[in-house]
Amino acid sequence: MSDSFRVMQAVSDLVHHVKPLLAQHLAAVAEASGMTLREAGEAFARLRDDGFRFQRDETLPLLDGLEAIAISQAEGFDLAVVVLLADVLQRRQVSRLLAEVWDEACKRLWGWPATLRAAAANGLRRAVELGAIPLATPPADADCQTRQTNEIAEHLLQIVRSMRRDELEAVAQAEHGRDAAPHLAALREVIALHDGIMGPDHYWFPSEVVELTAHVASAPGFAGCTAILLLNAMREGDRRGWINFRWEPLGAAYCVLQPSRRDPILAGIRYIYETDPEFCALSPRKARLGEGTTIPVVDDL
């Protein structure tokens, strides 16, 4: 069993925020680190090349500076938390001097933008679960969720309702053409009358062809059927493993969809990740930053 996906997802989400935060706070970090702007920029480049792990002498002044900022709660506190937490999650080494910093970060979460808040909250929660950081009160579920279901569902439903007639007919024939007529009728009913939600009466019609289509990236209706599965998984939980089963083989395919389809689908998958502790928890894959194996951050829908 491996928990590498969820650890690296947390790291990837944190790292997503380094560049914009660094643009705001590079001067403060350089001063705290006793470095020039150029030296601090070069140190960050080395840190990036090392996967945001402090493992070489050239980046140790940067580590000292970020720790000083975090402890004093000075300008760049959010950047310091993001970078230090990414390192802690990977190396499982944390300075005792930072003990109060993590509690302070928890207090500030709701003042940060949603994607940054969720990244920090999930990172802190993961660090607690790994035994790397002690927190009397880890971040709550609400802290760890980037978006609410209704916001994501609205955009997913737009994808579902944008399916063309030829796509609907192709989906209905996904079971080798068998029972195409009842599948098509049920699919239209689910979309028109139930906002994409499949109830007990839809266990086979159209669930079977929706699931089959959502497993083939080149199939007509792939995005629409994926959106249907996400709407149902977000409503009831991913009890049937619809999303858990598909992320590893299809993650790259989701990422290259048109933005109007890609972003809501990735936001829905992120919601499953943030609310279901079993999502990809036992993935045997060894995820690494930069390999496209983690869920990209969607800043705006």
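Numbers in this note's numbering are just positions in the sequence shown, counted from 1, shifted up by 122. In this text, a Cβ means the ideal position worked out from N, Cα and C, and glycines have one as well.
Which of helix, strand or coil does DSSP assign to residue i?
{"i": "Ile319", "result": "coil"}
{"i": "Leu372", "result": "helix"}
{"i": "Gln212", "result": "helix"}
{"i": "His324", "result": "helix"}
{"i": "Ile193", "result": "helix"}
{"i": "Ala202", "result": "helix"}
{"i": "Leu423", "result": "coil"}
{"i": "Trp232", "result": "helix"}
{"i": "Phe401", "result": "coil"}
{"i": "Ser155", "result": "helix"}
{"i": "Phe166", "result": "helix"}
{"i": "Ala314", "result": "helix"}
{"i": "His139", "result": "coil"}
{"i": "Ser427", "result": "No information on residue 427 is available, as it lies outside the stretch 123 to 423 that the chain covers here."}
{"i": "Asp225", "result": "helix"}
{"i": "Pro304", "result": "helix"}
{"i": "Arg218", "result": "helix"}
{"i": "Ile281", "result": "helix"}
{"i": "Arg160", "result": "helix"}
{"i": "Ile274", "result": "helix"}
{"i": "Glu291", "result": "helix"}
{"i": "Arg175", "result": "coil"}
{"i": "Arg286", "result": "coil"}
{"i": "Pro183", "result": "helix"}
{"i": "Gln146", "result": "helix"}
{"i": "Ile394", "result": "helix"}
{"i": "Ala264", "result": "helix"}
{"i": "Arg269", "result": "coil"}
So, under 8 angstroms CB-CB, residue i and residue j are touching, yes? Tell me the CB distance rounded to an integer number of Å.
{"i": "Cys228", "j": "Leu252", "result": "Contact doesn't hold; Cβ gap of about 17 angstroms is too wide."}
{"i": "Val203", "j": "Ala192", "result": "6 angstroms"}
{"i": "Asn302", "j": "Ala339", "result": "Going by the sequence as given, residue 302 is Ala instead of Asn. Actually they do not touch by this definition, with Cβ atoms about 22 angstroms apart."}
{"i": "Asp265", "j": "Arg230", "result": "That pair is no contact at about 11 angstroms."}
{"i": "Ile274", "j": "Pro386", "result": "6 angstroms"}
{"i": "Val205", "j": "Val140", "result": "6 angstroms"}
{"i": "Phe344", "j": "Ala336", "result": "7 angstroms"}
So, residue i versus residue j, is the Cβ gap smaller than 8 angstroms?
{"i": "Leu379", "j": "His277", "result": "no"}
{"i": "Gly346", "j": "Val282", "result": "yes"}
{"i": "Ala132", "j": "Asn244", "result": "yes"}
{"i": "Asp145", "j": "Ala152", "result": "Looking at the sequence provided, one finds Ala at residue 145 rather than Asp. No, the pair does not count as a contact, with Cβ atoms beyond the cut-off."}
{"i": "Ile424", "j": "Ala262", "result": "In the structure as shown, the chain starts at 123 and stops at 423, and residue 424 therefore has no counterpart that could be examined."}
{"i": "Trp364", "j": "Leu351", "result": "yes"}
{"i": "Pro189", "j": "Leu220", "result": "The identity of residue 189 in the sequence shown is Glu, whereas the question assumes Pro. Contact: yes."}
{"i": "Pro328", "j": "Ala308", "result": "yes"}
{"i": "Val129", "j": "Phe174", "result": "no"}
{"i": "Leu279", "j": "Leu353", "result": "yes"}
{"i": "Leu334", "j": "Glu297", "result": "yes"}
{"i": "Gly187", "j": "Ser217", "result": "no"}
{"i": "Ala236", "j": "Thr268", "result": "yes"}
{"i": "Phe176", "j": "Leu185", "result": "yes"}
{"i": "Asp135", "j": "Val419", "result": "yes"}
{"i": "Leu207", "j": "His147", "result": "no"}
{"i": "Ser357", "j": "Ile319", "result": "In the sequence on display, residue 357 carries Arg and not Ser. Cβ atoms of Arg357 and Ile319: closer than 8 angstroms."}
{"i": "Cys377", "j": "Arg384", "result": "yes"}
Closest Cβ-Cβ distance between residue i and chain D: below 8 angstroms?
{"i": "Ala314", "result": "The chain inventory of the structure shown lacks chain D, comprising one protein chain alone."}
Checklist entry - At a cut of 8 angstroms, does the stretch 153-172 reach the stretch 285-302 through at least three beta carbon pairs? => result no
Item to check | Any beta strand (DSSP E) of 3 or more consecutive residues that is wholly inside the stretch 236-260 | outcome: none
Item to check | Continuous alpha helix (DSSP H) assignments of at least 4 residues falling wholly in the stretch 328-391 | outcome: 329-335, 344-358 and 364-377
Item to check | Stretch pair the stretch 387-404 + the stretch 291-300: three plus CB contacts closer than 8 angstroms | outcome: no
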